[in-house]
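Its first residue numbered 46, the sequence shown is counted upward by one per residue in my numbering. Notes follow once the structure below has been shown.
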Amino acid sequence: MTILVVADHDNVSIKGATFNTVKAAIACGGDIHLLVAGHGANEVAQAAAHIEGVSQILYADAAQFEHGLAEELAAQVTAIALDYSHILFPATASGKNVAPRVAAQLDVAQISDISRVVSADTFERPVYAGNAIATVQSSDTIKVVTVRPTAFEAAAHTESAVAIQTILAVQPAAVTTFVGAEISKSERPELQGASIVVSGGRGLGSQAQFNALLSPLADKLQAALGASRAAVDSGYAPNDLQVGQTGKIVAPQLYIACGISGAIQHLAGMKDSKVIVAINKDPEAPIFGVADYGLVGDIFEFVPELVAQI
């Protein structure tokens with residue numbers, strides 16, 4: 046049994062979720078190959094060769110892979126799919142874009158967002174915003190799976206490197222064209238990879254107060270900023286900061302929720318955090334049900350005081 050993991054990368058470095066996906070592949074058993082499809086991504090392939098548990102790197106270098114277009118990546122994966130029993134993608138924006146296309150082309154069911162590998166053909170995945178866990182068994186010859194990165198430890202880095210095999214890139218699908226990208230840059234850590242996250246909710250009242258209250262705390266802790274959907278919908282924070290069922294799934298070492306009530310959709314995105322601190326003036330707020338530490342009071346008093354004490 047041989048398993049293919051499709052790397053998520055930006056042609057410069059591997060995204061952390063790929064390491065967690067390799068760990069899930071290890072739990073499935075068998076040899077693990079890792080596909081790096083990119084353009085000028087030699088450094089990515091070299092780095093991938095040092096991931097523990099991977100037995101071979103497949104490197105496809107072509108111009109059509111430069112921008113990670115889902116149609117182009119899906120065509121490459123499908124071209125080599127018959128050699129594998131499992132094809133695993135991290136459940137990132139890229140992975141969730143490519144995996145359904147691969148599953149459709151192979152005429153198999155996709156198993157989405159797994160949180161545990163029970164056996165080679167049986168997996169667990171959260172449903173109903175994480176309130177229930179479904180056990181899914183697949184009889185498909187090729188299993189197309191997306192992996193929830195926060196549910197698995199990251200595969201380790203090794204000093205030794207495995208072989209890198211350059212494979213022939215498929216002909217461009219040419220059904221979509223890359224027009225441009227607007228990438229926001231920040232000195233703060235990336236939200237999904239941060240060890241500390243400071244999040245704000247509707248209780249902050251405005252974009253100005255969101256930034257004025259949370260930015261000093263995030264800066265002191267060298268943390269990433271997050272937000273509830275209510276805060277994003279109200280215009281307090283940009284969409285890429287949203288944490289929750291319809292946003293990003295995070296599991297940092299420390300999650301500080303400021304003025305967040307704890308709707309089930311938000312809890313689905315952060316309840317796996319190692320330590321959760323909640324600050325809310327409502328003692329009945331659902332967020333306190335998952336918090337390790339709770340502060341009942343006015344965030345406009347507590348947060349500045351917390352910043353001053355750090």
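Quick reminder that beta carbons are idealized off the backbone N, C-alpha and C, glycines included. Bear in mind that the values here come from a model prediction, so they are computed numbers and not experimental data.
Neighbourhood of residue i by C-beta distance below 7 Å, restricted to the same chain and skipping five residues each side
i: Ala-107; result: His-84, Ala-214
i: Glu-88; result: Val-57
i: Gln-310; result: Ala-174, Arg-274, Gly-289, Gln-290, Thr-291
i: Thr-203; result: His-95, Glu-97
i: Gln-182; result: Asp-166, Thr-167
Beta-carbon separation (whole angstroms), residue i vs residue j, contact threshold 8 Å
i: Ala-272; j: Ala-282; result: 4 Å
i: Ala-362; j: Pro-234; result: The question about residue 362 has no answer, for the chain in this structure spans 46 to 355.
Check whether residue i and residue j have beta carbons under 9 Å apart
i: Ala-323; j: Ala-313; result: no
i: Phe-110; j: Leu-103; result: no
i: Arg-170; j: Ser-160; result: yes
i: Ile-212; j: His-131; result: no
i: Ile-96; j: Ala-201; result: yes
i: Ile-187; j: Ala-126; result: yes
i: Leu-262; j: Val-352; result: yes
Close Cβ partners of residue i (< 6 Å) along its chain, the five nearest in sequence each way excluded
i: Tyr-300; result: Val-242, Met-315, Ser-318, Ile-321
i: Ile-355; result: Lys-265
i: Ala-70; result: Ile-48, Val-50, Ile-77, Leu-133
i: Gly-75; result: Met-46, Thr-47, Ile-48
i: Val-341; result: Pro-328
Sheet register partners of residue i (DSSP bridge)
i: Pro-135; result: Val-192
i: Asn-359; result: Lying before the first or after the last residue shown, residue 359 is absent from the chain, which here runs from 46 to 355.
i: Ile-301; result: Val-243, Val-322
i: Pro-217; result: DSSP, once it has assigned bridges, lists no residue as partnering Pro-217.
i: Pro-171; result: Ile-178
Cβ neighbours of residue i in the same chain (closer than 8 Å, five flanking residues each side left out)
i: Val-143; result: Val-51, Ala-115, Leu-118, Ala-119, Val-122, Phe-134
i: Ala-148; result: Ala-154, Gln-155, Val-189
i: Leu-236; result: Val-242, Ala-269, Leu-270, Gly-271, Asp-285, Leu-286, Val-288, Lys-293, Val-295
i: Gln-210; result: Gln-101, Ile-102, Leu-103, Tyr-104
Touch test, the region 289 to 304 against the region 249 to 262, Cβ-Cβ under 8 Å, three pairs minimum: yes
The region 82 to 91 in contact with the region 184 to 202 per 3-pair CB rule at 8 Å: no
Indicate whether the contact test is met: 3 or more Cβ pairs, each with one atom in the region 61 to 80 and one in the region 170 to 181, closer than 8 Å. no
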